[in-house]
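I have placed the structure first, in the form of C-alpha cells, so that the comments after it can refer back to it.
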Amino acid sequence: MSTSRKEKNEQLVAERAERLMSDTKFQALRTRGARLALSALMVALIVALPFIWVFAGLIPGVIAVIAAALVWWMLRLSVRLVADLPEQYLDERQTELRNRAYVESYRWFAGVVVLLSSAGLAAFIVLGENPDTWEITLSYNAVMGLFWMLEAAALSIPSIVYALRDRELPR
Amino acid sequence: MLLSMGRKPKSEEPVYSRLEAVRVDRGITRQELADAVDVHYQTIGYLERGEYSPSLALALRIALELATPVGDLFSLTPFTNSGSPE
Chain A
1 MSTSRKEKNE QLVAERAERL MSDTKFQALR TRGARLALSA LMVALIVALP FIWVFAGLIP
61 GVIAVIAAAL VWWMLRLSVR LVADLPEQYL DERQTELRNR AYVESYRWFA GVVVLLSSAG
121 LAAFIVLGEN PDTWEITLSY NAVMGLFWML EAAALSIPSI VYALRDRELP R
Chain B
1 MLLSMGRKPK SEEPVYSRLE AVRVDRGITR QELADAVDVH YQTIGYLERG EYSPSLALAL
61 RIALELATPV GDLFSLTPFT NSGSPE
C-alpha cells in the first residue's frame, strides 16, 4: 500500500472511530437489555447455522448467514466497535476492557473448538466401521454450515464478551 | 498460605472518587472534561462512580485540568464530608 493510500485509510478509520465514539443515533442498541438480546441472538445464530445449512438447505442457509452478518454489525455498533478498533483510538479503560474481552474470547473460542473437535473425533472413532478405511463424508451444505459457524464465532465472540462486560452510563 | 508465597492474589481494591463533586463545582460537563483529558465521556462516568481506577497519568491529567490536588480527587479510603480522605 502506498504511503498516501495508507494515510488516507488511517484517516478514514480515525474519522469513523471519532464518529462512533460520540454517536448517539444508535443508543437504543447500547442499553443493557439490547446488548444482552443481541448477544443471545448472535450465539443462537452461531449454534443454528450448521443445522440450518444441513437440514434446511442452501437458501435458508444463505439467509441465516445474512442474518448473522446483520446481528454482528448491530453488535459492533452497540459496543462502538471497541472490540475491533486499533488501540490508538481507544482510551485506557476501553483498552483494558477490550484486552480482557480478548483473553476471555480466546478461552470461549478455544472451548468451542476443543468441544467440537473432540465430539468429531469421538464420532469418527465410534461410528467408523472399518479402521483401515475410515473416511469422512461431508456434504456441500455441511461444509458450508461448519465454515459459517466457525467464521461467525471467531468474528463475533470479542464483541459479545465486550457487550456483556461493558455498560453505557448516562451522558 | 497464598499470602506467604509472595505475590498476593489480585483483588479489585476500591478507589474512592470525588471527581463528580469537583467537576460539577467547576461547572464542567463530563464531555468537556473527557475531551480535555482525551478519554471517552463514558470513562469519566466510570471514574465518578468509582467503577474504574485511573492510571497515574490519567489521574494527574484530570487533577491538572481541574486544578485540584490528585489526593482530593481519588483516594484509597472513603472521603469524609469535608472532602478529605479518612
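Which chain is which? The protein sequence lines are A and B, in order. Read in our numbering, the first sequence has 99 at position 99, and its numbers run on one by one without any break. Read in our numbering, the second sequence has 31 at position 31, and its numbers run on one by one without any break. Positions of the beta carbon are idealized from the N, C-alpha and C atoms, including for glycine.
| Check | Outcome |
| --- | --- |
| Taking beta-carbon pairs under 9 Å, can you tell me which members of the segment 12 to 41 of chain A lie near chain B? | Met21 and Ser22 |
| Just by C-beta distance, which residues in the segment 78 to 99 of chain A are closer than 7 Å to chain B? | Asp91, Glu92, Arg93 and Gln94 |
| Listing by chain order, which chain B residues have their CB less than 8 Å from the CB of A:Leu169? | Gln42, Gly45, Tyr46 and Arg49 |
| Any beta carbon of chain A sitting closer than 8 Å to that of B:Ser55? | yes |
| Below 8 Å, can you find three or more Cβ-Cβ pairs linking the segment 31 to 51 of chain B to the segment 93 to 105 of chain A? | yes |
| Here's a check: name, in chain order, each residue in its chain whose Cβ is nearer than 6 Å to the Cβ of B:Thr68, leaving out the five neighbours to either side. | Val22 |
| Is there at least one Cβ from chain A nearer than 8 Å to B:Val24's Cβ? | no |
| Under a CB-based cut-off of 8 Å, is B:Leu58 close to chain A? | yes |
| Hey, could you find the ends of the alpha helix (DSSP H) A:Ala56 is sitting in? | Run containing A:Ala56: none; DSSP gives neither H nor E here. |
| For the 8 Å Cβ check, are there 3 or more pairs between the segment 29 to 40 of chain A and the segment 74 to 89 of chain A? | yes |
| Identify which residue in A:Thr133, A:Leu169, A:Leu150 and A:Lys6 has its Cα closest to the Cα of A:Phe109. | A:Leu150 |
| Near B:Ala63, what residues of its chain come up, given a Cβ to Cβ distance below 7 Å and the 5 sequence neighbours on each side ignored? | Pro69, Val70 and Leu73 |
| Counting pairs of Cβ atoms below 8 Å between the segment 13 to 22 of chain A and the segment 59 to 66 of chain A, do you hit three or more? | no |
| Within the 8 Å Cβ cut-off, does B:Tyr52 reach chain A? | yes |
| Cβ closer than 8 Å: which chain A residues qualify as neighbours of B:Val39? | Asp91, Glu92 and Arg93 |
| Which runs of the beta strand (DSSP E) spanning at least 3 residues fall entirely within the segment 9 to 49 of chain A, listed in chain order? | none |
| Could you spell out the range, first to last residue, of the alpha helix (DSSP H) harbouring A:Leu115? | Glu92 to Leu127 |
| How should A:Leu121 be labelled, buried or exposed, when 16 other C-beta atoms within 10 angstroms of its C-beta is the threshold for buried? | exposed |
| Decide if A:Glu10 is buried, meaning its Cβ has at least 16 other Cβ atoms within 10 Å, or exposed. | exposed |
| Assuming A:Trp53 contacts A:Ala119 (C-beta within less than 8 Å), just tell me the rounded distance between them. | The pair is not a contact, with the Cβ atoms about 18 Å apart (cut-off 8 Å). |
| Name the one or two DSSP bridge partners that B:Ser74 has. | First, the residue type needs correcting, since residue 74 of chain B is Phe and not Ser in the sequence shown. Bridge partners of B:Phe74: B:Ser17. |
| Using the three-state DSSP reduction, which class does B:Pro85 fall into: helix, strand or coil? | strand |
| Within its chain, find whatever has a CB closer than 8 Å to the CB of A:Gly145; leave out the 5 residues flanking it on each side and keep chain order. | Leu49, Pro50, Phe51, Ile52, Trp53, Val54 and Gly61 |
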